[in-house]
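*Asks:* Those sequence lines, one after another, are chains F and G.
All residue numbers for the first sequence refer to the working numbering, where the first residue is 3 and numbers rise by one.
All residue numbers for the second sequence refer to the working numbering, where the first residue is 5 and numbers rise by one.
Every residue, glycine too, gets a C-beta built ideally from N, C-alpha and C.
Note that the structure is a prediction, hence the values are computed from the model and not measured.
Before I ask anything, let me first share the structure, which is written out below as structure tokens.
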Amino acid sequence: MDTILNMTGALCLLLGSFLCLSGGVGILRFPDFYTRMHAVGVTDTLAAAMILIGLMLQNPEGLVLLKLLLILLMTIFISPVASHALAKAAFKNDLVPLTNSSEDKGGAES
Amino acid sequence: MRDLFAVIMMTGIFGLLSASFFVVMDAVDVAFTEASVGAGIATLLMLTAVTLTGRSEDSERHRPLWALIVVFITGGLLIYGTLDMPYFGTAQAPVHVHVAPRYIHDSIQETGLPNMVTSVLASYRGFDTLGEVVVIFAAGMGVLSLLRLERRPGFDQIMADSIFYLMHERHLILRIVTKMLLPFILLYALYVQFHGDFGPGGGFQAGVIFAAAIILYSMVFGLPTARRVVNRTFVRLLAAFGVLLYGGVGVVSMLKGGNFLDYDVLASDPVAGQHLGILLIELGVGCTVAAVMVIIFFNFSDRKNIL
Chain F
3 MDTILNMTGA LCLLLGSFLC LSGGVGILRF PDFYTRMHAV GVTDTLAAAM ILIGLMLQNP
63 EGLVLLKLLL ILLMTIFISP VASHALAKAA FKNDLVPLTN SSEDKGGAES
Chain G
5 MRDLFAVIMM TGIFGLLSAS FFVVMDAVDV AFTEASVGAG IATLLMLTAV TLTGRSEDSE
65 RHRPLWALIV VFITGGLLIY GTLDMPYFGT AQAPVHVHVA PRYIHDSIQE TGLPNMVTSV
125 LASYRGFDTL GEVVVIFAAG MGVLSLLRLE RRPGFDQIMA DSIFYLMHER HLILRIVTKM
185 LLPFILLYAL YVQFHGDFGP GGGFQAGVIF AAAIILYSMV FGLPTARRVV NRTFVRLLAA
245 FGVLLYGGVG VVSMLKGGNF LDYDVLASDP VAGQHLGILL IELGVGCTVA AVMVIIFFNF
305 SDRKNIL
């Protein structure tokens with residue numbers, strides 16, 4: 003039982019780290035603000051959740067579990083809302099989404 | 005870098021990175037303070053200031069030669085001063101042999117607190133912390149005396165109505181999530197405040213988190229609405245009350261026959277006295293920090309709204 007929990011936890015941690023990394027790659031490689039935000043906004047929430055679940059599985063008892071659960075709940079609420087607010091602010095300030103990537107390889111300034 | 009917005013973001017990132025660095029060094033209390041103050045509320049207050057001043061730096065540059073010379077001389081002197089210091093990490097350094105062993109060995113018996121940082125901050129080094137609180141209070145008073153504006157009567161109401169309308173129309177998601185999260189943020193601030201004796205936390209961090217909750221509320225629901233919840237006079241009184249409470253604990257301990265800020269005499273038993281004293285002064289610190297942060301934010305954004 004202990005080994006199974008440990009293995010699943012490790013797997014979750016690994017997956018979370020991979021998602022973090024892919025989000026990082028996305029923010030560097032994607033062409034404009036909205037696609038970059040998409041890369042980070044989506045992976046960030048899931049990565050944080052995965053890492054927290056992994057930590058919970060590594061230590062499944064008592065106060066630590068409760069605290070991790072609270073952090074997870076907070077992250078699930080805050081992270082998407084932050085992305086939403088950021089995207090909305092950008093859109094309201096007339097940052098036009100990139101529609102044809104062949105025109106402008108430079109990205110965010112448009 | 006000319007873009008002030010980018011500079012502020014850099015400062016925030018720097019704060020967050022130093023917080024992680026402190027965590028690696030096992031200084032959790034310092035990391036907590038750095039994350040909440042350096043990365044959190046300082047960035048926020050600077051952003052509020054930038055909305056007043058404009059985003060780009062003034063293009064006219066001063067001649068930095070004299071400043072450069074002064075910096076070189078001061079830096080050289082400082083480096084010269086470090087030559088006499090013990091090597092980094094030496095066990096024989098005065099900081100390790102002078103008072104630290106006493107804190108490490110005796111602080112739990114003397115104050116009854118498991119968190120050594122809190123007992124050093126609030127009890128052994130009570131004077132320093134009093135100084136810090138007075139500095140924060142003075143900063144708040146400075147902002148208040150420089151930036152305070154007399155407002156037209158009825159202005160608040162008009163603003164409140166227009167912002168209330170805008171909020172209903174536009175920021176539905178933000179509004180709802182903020183409303184859901186606010187009680188938890190406030191609860192967490194209280195937890196940090198009163199759990200500081202046992203784990204990382206304390207008055208400074210709790211005050212900042214409390215202020216952050218109020219600032220979040222006023223950003224999403226508009227300043228006038230926040231004003232109705234958090235009265236301006238009340239906030240000013242709270243800032244003064246914190247310092248008074250801190251000083252008052254010192255005076256009471258003097259009246260009871262001890263030294264200034266010597267909590268041993270506050271209760272019949274020294275450990276209980278220490279506990280009571282630390283709890284009270286942490287409360288004072290929390291009150292002042294929260295109130296001053298709210299005062300600074302309110303005054304900055306007041307100016308923005310009127311000018």
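Pull up the distance between the alpha-carbon of Ala143(G) and that of Ala210(G), whole angstroms please.
*Replies:* Mapped onto the second sequence, residue 143(G) falls at position 139. Mapped onto the second sequence, residue 210(G) falls at position 206. Rounded to whole angstroms, Ala143(G) to Ala210(G) spans 18 Å at the Cα level.
*Asks:* Please check the pair Thr133(G) and Leu125(G), which I expect to be a contact at CB under 8 Å, by giving their CB distance rounded to whole angstroms.
*Replies:* Taking the second sequence and counting its residues from 1, one reaches residue 133(G) at position 129. Taking the second sequence and counting its residues from 1, one reaches residue 125(G) at position 121. The C-beta separation of Thr133(G) from Leu125(G) comes to about 6 Å, placing the pair in contact by the 8 Å criterion.
*Asks:* So which of Phe304(G), Tyr128(G), Thr78(G) has the shortest CA-CA distance to Ser111(G)?
*Replies:* Position 107 of the second sequence, counting from 1, holds the residue named residue 111(G). Answer by Cα proximity: Tyr128(G).
*Asks:* How big is the Cα-Cα spacing for Met13(G) and Met50(G)?
*Replies:* As a working mapping, residue 13(G) is identified with position 9 in the second sequence. As a working mapping, residue 50(G) is identified with position 46 in the second sequence. Approximately 10 Å between the Cα atoms of the pair.
*Asks:* Answer yes or no: do Gly80(G) and Ala43(G) have a C-beta to C-beta separation smaller than 9 Å?
*Replies:* Working through the second sequence from its first residue, we reach residue 80(G) at position 76. Working through the second sequence from its first residue, we reach residue 43(G) at position 39. No, these two residues do not count as a Cβ contact at 9 Å.
*Asks:* Between Val42(F) and Ile177(G), is the Cβ-Cβ spacing less than 9 Å?
*Replies:* Numbered from its first residue, the first sequence carries residue 42(F) at position 40. Numbered from its first residue, the second sequence carries residue 177(G) at position 173. Result no, Cβ atoms of Val42(F) and Ile177(G) do not sit closer than 9 Å.
*Asks:* Work out the CA separation of Pro62(F) and Gly11(F) for me, nearest whole Å.
*Replies:* In the first sequence, the residue the question calls residue 11(F) occupies position 9. In the first sequence, the residue the question calls residue 62(F) occupies position 60. If I take the Cα positions, the gap works out to 10 Å.
*Asks:* Based on the DSSP output, what are the partners of Ser60(G) in its beta bridges?
*Replies:* Working through the second sequence from its first residue, we reach residue 60(G) at position 56. Looking at the DSSP assignment, Ser60(G) forms a beta bridge with Asp7(G).
*Asks:* Would you decide whether Gly64(F) is buried or exposed? Buried here means 16 or more other CB atoms lie within 10 Å of its CB.
*Replies:* By one-based count along the first sequence, residue 64(F) stands at place 62. Exposed is the call here.
*Asks:* With distances taken between CB atoms, is the gap from Ala35(G) to Ala23(G) smaller than 9 Å?
*Replies:* Translated into the one-based positions of the second sequence, residue 35(G) becomes position 31. Translated into the one-based positions of the second sequence, residue 23(G) becomes position 19. Yes; because the gap between Cβ atoms is below 9 Å, this pair is in contact.
*Asks:* Helix or strand or just coil, what does DSSP make of Phe93(F)?
*Replies:* Numbered from its first residue, the first sequence carries residue 93(F) at position 91. In this structure, Phe93(F) counts as helix in the three-state DSSP scheme.
*Asks:* Can you grab the Cα-Cα spacing for the pair Thr182(G) / Leu270(G), in whole Å?
*Replies:* As a working mapping, residue 182(G) is identified with position 178 in the second sequence. As a working mapping, residue 270(G) is identified with position 266 in the second sequence. In a straight line, the C-alpha of Thr182(G) is about 42 Å away from that of Leu270(G).
*Asks:* Can you find a heavy atom of the ligand COA that lies under 8 Å from the Cβ of Pro98(G)?
*Replies:* In terms of ligand content, the structure shown is empty, and the ligand COA therefore cannot be addressed.
*Asks:* Please report how far the alpha carbon of Phe245(G) lies from the alpha carbon of Cys291(G), in whole angstroms.
*Replies:* Sequence index remark: in the second sequence, residue 245(G) carries index 241 (1-based). Sequence index remark: in the second sequence, residue 291(G) carries index 287 (1-based). Spanning the two alpha carbons is a distance of roughly 7 Å.
*Asks:* Would you report the Cα separation of Arg236(G) and Phe208(G), rounded to the nearest angstrom?
*Replies:* Stepping through the second sequence from its first residue, residue 236(G) is reached at position 232. Stepping through the second sequence from its first residue, residue 208(G) is reached at position 204. C-alpha separation (whole angstroms): 21 Å.
*Asks:* Distance, Cα to Cα, Asp34(F) vs Val98(F)?
*Replies:* Looking up residue 34(F) in the first sequence gives position 32. Looking up residue 98(F) in the first sequence gives position 96. So the alpha carbons of these two residues sit roughly 9 Å apart.
*Asks:* Ile73(F) and Thr47(F) look like a contact to me (Cβ under 8 Å); what is the Cβ gap, rounded to whole Å?
*Replies:* Taking the first residue of the first sequence as position 1, residue 73(F) is located at position 71. Taking the first residue of the first sequence as position 1, residue 47(F) is located at position 45. That belief does not hold up - the Cβ atoms of Ile73(F) and Thr47(F) are roughly 13 Å apart, past 8 Å.
*Asks:* For Gln197(G), which residues of its own chain have a beta-carbon under 6 Å away from its beta-carbon, when the five flanking residues on both sides are left out?
*Replies:* In the second sequence, residue 197(G) corresponds to position 193, counting from 1. So the list reads Ala210, Gly290, once near-sequence residues are dropped.
*Asks:* Since I believe Ser40(G) is in contact with Leu8(G) (beta carbons under 8 Å), could you give me their beta-carbon distance rounded to a whole number of angstroms?
*Replies:* On the second sequence, residue 8(G) is found 4 positions in, with the first residue counted as 1. On the second sequence, residue 40(G) is found 36 positions in, with the first residue counted as 1. Approximately 23 Å separates the beta-carbon atoms of Leu8(G) and Ser40(G); this is outside 8 Å, ruling out the contact.
*Asks:* Is it true that the CB of Met52(F) sits closer than 9 Å to the CB of Gly18(F)?
*Replies:* Stepping through the first sequence from its first residue, residue 18(F) is reached at position 16. Stepping through the first sequence from its first residue, residue 52(F) is reached at position 50. Cβ distance < 9 Å, so Gly18(F) and Met52(F) count as in contact.
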